[in-house]
Amino acid sequence: MENLEIGTEIFFNGDQANRQGFGKVVSVGSDSFRSRWYDIELDDGRKISQLSHNSFSPKYGGGGLTRFVTKAAYQEWRDEGLANL
Numbered sequence: 182m183e184n185l186e187i188g189t190e191i192f193f194n195g196d197q198a199n200r201q202g203f204g205k206v207v208s209v210g211s212d213s214f215r216s217r218w219y220d221i222e223l224d225d226g227r228k229i230s231q232l233s234h235n236s237f238s239p240k241y242g243g244g245g246l247t248r249f250v251t252k253a254a255y256q257e258w259r260d261e262g263l264a265n266l
């Protein structure tokens, strides 16, 4: 997974307690171990703080195992599914 930059649009697949949504990376940081993390603000106002870089998948699989991807990866999966209809 490439490093994300401020302004990168993302898709959060949600889970049992949180609904899915789109948002953007609003800040990028790293800790003393050189691990990157992101602060995300979803379009509906929810905020996710210090989300580890490892939480993002490079490709969206359409199921519950893929929680965070770029909006572009989500759109690629969606377009592929629509083309197969």
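For the sequence shown, our numbering puts the final residue at 266, and the numbers step up evenly by one.
All C-beta atoms in this analysis are idealised placements derived from N, C-alpha and C, irrespective of residue type, glycine included.
According to DSSP, Tyr241 shares a beta bridge with no other residue.
In the structure shown, Leu223 falls within a strand segment according to DSSP collapsed to helix, strand and coil.
For Gln256, the enclosing alpha helix (DSSP H) starts and ends at 252-264.
Judged by their CB atoms, Thr189 and Thr247 are not nearer to each other than the 8 Å cut-off. Closest option to Phe249, judged by alpha-carbon separation, among Asp212, Leu263, Asp220: Asp220.
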